[in-house]
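Structure first, then comments.
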Amino acid sequence: MEIPSERTGVLILRVWVEDGRADGFRARIVRTGSRGQAPPSAASAVDDVLTAVRTWLDQLLETDRCEPGKYGPDG
């Protein structure tokens, strides 16, 4: 399969449940993208994990949105 862009990224999300804890789970997030590899981060709330995934996607895709001629007849 050919990759159509030079920009690629990988997000590894490792989640485990810790018994006996009120918050219930932990997540380790490892991100790479066009800007290189970010330091790993950790989360213990679903909203924090979702925010990390959204931020990673936004950063990976933001350059395409800004490049002239990429989208539509005027853009």
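Numbered by numbering that gives the first Met the number 0, the letters in the sequence shown go through residues 0 to 74 in order. Note that CB positions come from ideal geometry on N, CA and C, so glycine has one too. Note that the structure is predicted; figures quoted are calculated from it, not measured.
Per the C-alpha coordinates, the member of Ile28, Glu61, Gln36 and Pro38 positioned closest to Thr50 is Ile28.
Excluding five sequence positions before and after Arg13, the CB atoms of its chain that fall closer than 6 Å to its own CB belong to Arg27, given in chain order. If you ignore the 5 residues before and after Phe24, its C-beta comes within less than 7 Å of the C-beta of Val14, Trp15, Val16, Glu17 and Ser43, all in its own chain and listed in chain order. By the C-beta density criterion, Leu56 is exposed, having fewer than 16 other C-beta atoms within 10 angstroms.
Contact annotation: Thr31 and Leu10 have beta-carbon atoms nearer than 9 Å.
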